[in-house]
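S.K.:
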Amino acid sequence: MYLVRTSYKAINTIRHPGLAAWTSHFLGTTQSDLPASVVVKPPSNHPGAGFLPAALSPLPIGEVRYGVADLKRQERITEKQFNARLTLSQQLAQTYRANTPNSKVKAYTTLYNDAVRLMNSKELNAFDIALEPKTTRDRYGNDRFGQGCLLARRLAESGVRYIEVNSGAGWDTHFENFQQLNEQGPIHDQAFHALITDLDQRGLLKDTLVVVATEFGRSPEINGRGGREHHPAAFSWLFAGGGMKGGFVYGETDKRGFHVEEDEVSAPQVNATIAKALGLPLEREVFSDSGRPFKVAKGAKPIDELFA
């Protein structure tokens, strides 16, 4: 998924920003204490901010039902004690920053200040899905992915610009493909339907782009274990809302789904399309610490045919 998230192939000499970090970099936060981007159940190899300042990394959410981990003051610590410790920490940090004029030190300070501001914000309730009616929670599905999609709706409604919800499901169906799909499919269908319907009913869908993404498909052939192997030659993504055409299919494979026969697109092109919908500057260069120039979506052109 590194290529899908960043538009660049992974190499050892640099870590590239994902779209979440590019969004934070160019657009910043809205008029709130909430972060510009959030990732639900991030994998260990998530690119985060890449070479951009660490403060631009999406805020990670591990367990949806707990919201933001370790953000509430412990009950044994009084508010007076907390403020005294915070003041001391800021004084020590100020001295260190003065003696260490480094961009990473500055980024850490920004990240620390953002965390403190969020701790004291009433908008922290946006992360609490328990505030939703039980009927709404049930409609999304009482599983991690469904509740993650519900959290995504709450965050989008509160002004978070970019939210990524990872499935965490077992889609690697090298064996018993159909049994696994019969288990996973309904879970994701329910959550996706609930999210789209909810956004539409709240008047948010026209300004919110929902994307279902993957890094490759499954082979058309069935192997000896009733499974399907990796198949990067042909697969699809799904776009809804955010100014996209509805009921529209772009691209075509052969009858068996082995190869793309018409309008093949790359990961950078898809990311450029998302970036255009977000209003990111596709041609603007940003330089890494080593002085190398990079662009959102690797400078690829968006798929304009998808826009209404």
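Residue numbers (my numbering): 242 to 549.
Heads up, the beta-carbon is just placed ideally off N, CA and C, and yes, glycines get one too.
All figures in this text were calculated on a predicted structure; none of them were measured in a lab.
Can you tell me whether HIS429 is helix, strand or coil according to DSSP?
M.R.: It is helical.
S.K.: So, with DSSP's three-state summary, where would you put PRO473?
M.R.: Correct three-state label for PRO473: coil.
S.K.: Going by C-alpha distance, which of PRO522, PHE476, ARG358 is nearest TYR491?
M.R.: Comparing Cα-Cα distances from TYR491 to each of PRO522, PHE476, ARG358, the minimum goes to PHE476.
S.K.: Measuring straight from C-alpha to C-alpha, what distance separates ASN383 and PHE323?
M.R.: Near 36 angstroms, if we compare the C-alpha coordinates of PHE323 and ASN383.
S.K.: On a CA-only basis, which of LEU479, GLY465, LEU436 is nearest THR455? Give me that one, please.
M.R.: It is LEU479.
S.K.: Could you compute how far the alpha carbon of LYS224 sits from the alpha carbon of LEU391?
M.R.: The structure shown does not extend to residue 224, since the chain is modelled only from 242 to 549, so the question has no answer here.
S.K.: Nearest to ARG326 by CA position, among ASP495, VAL357, ARG380, SER248, is which residue?
M.R.: Considering only alpha carbons, the answer is VAL357.
S.K.: Please determine, among VAL453, LEU450, ARG459, PHE528, the residue with the shortest C-alpha to C-alpha distance to PHE419.
M.R.: Closest by alpha carbon: ARG459.
S.K.: Whose CA, out of LEU312, GLU526, ALA251, lies closest to the CA of ASN286?
M.R.: Among LEU312, GLU526, ALA251, the Cα nearest to that of ASN286 is on ALA251.
S.K.: Of the residues PRO258, PHE416, GLY409, GLU373, which one's Cα is nearest the Cα of HIS395?
M.R.: As written in the sequence, residue 395 is Arg, which differs from the His given in the question. With distances taken between Cα atoms, ARG395 lies closest to GLU373.
S.K.: In the region 447-499, which residue ranges form an unbroken alpha helix (DSSP H) of at least 4 residues, counting only runs that do not cross its ends?
M.R.: List check, alpha helix (DSSP H) in window: nothing returned.
S.K.: Give the C-beta separation of ALA290 and PRO342 to the nearest angstrom, bearing in mind that I take them to be a contact with Cβ-Cβ under 8 angstroms.
M.R.: Incorrect: roughly 20 angstroms between the Cβ atoms, too far for contact.
S.K.: If you draw a straight line from the C-alpha of LEU446 to the C-alpha of GLN335, how long is it?
M.R.: Rounded to the nearest angstrom, the two C-alpha atoms are 44 angstroms apart.
S.K.: Give me whichever residues DSSP pairs with TYR403 in a beta bridge.
M.R.: According to DSSP, TYR403 bridges with SER278.
S.K.: Would a C-beta distance cut-off of 8 angstroms place ALA538 and SER248 closer than the cut-off?
M.R.: In contact: ALA538 and SER248 (Cβ atoms closer than 8 angstroms).
S.K.: Cutting at 8 angstroms between CB atoms, please list the residues of its own chain near LEU268, excluding the five before and the five after it.
M.R.: Correct list, in chain order: ALA277, ARG402, LEU519, GLY520, LEU521.
S.K.: From PHE499 to HIS472, what distance separates their C-alpha atoms?
M.R.: Taking the straight line joining both Cα atoms gives about 8 angstroms.
S.K.: Starting from ILE370 and walking both ways along the beta strand (DSSP E), at which residues does that stretch end?
M.R.: Segment: none, ILE370 is in no beta strand (DSSP E) and carries neither H nor E.
S.K.: Got a sec? Which residues, its chain only, sit under 7 angstroms from SER265 by beta carbon, not counting five neighbours each side?
M.R.: Excluding residues within five positions, the ones whose Cβ falls inside 7 angstroms are ALA277, SER278, LEU297.
S.K.: Using 8 angstroms for Cβ pairs, my map puts LEU417 next to GLY468. What's the rounded Cβ distance?
M.R.: Note on residue identity: the sequence assigns Glu, not Leu, to residue 417. Right, their Cβ atoms sit about 6 angstroms apart.
S.K.: How far does the alpha helix (DSSP H) with VAL501 in it reach, from first residue to last?
M.R.: Counting along the chain, VAL501 falls outside any alpha helix (DSSP H), though it belongs to the beta strand (DSSP E) covering 501-503.
S.K.: If we count Cβ pairs, one from each stretch, closer than 8 angstroms, do we get three or more for the region 298-314 versus the region 365-372?
M.R.: Contact between the region 298-314 and the region 365-372 is present, because at least three Cβ pairs lie under 8 angstroms.
S.K.: Return the bridge partner residues of LEU300 from the DSSP annotation.
M.R.: DSSP lists VAL279 as partners of LEU300.
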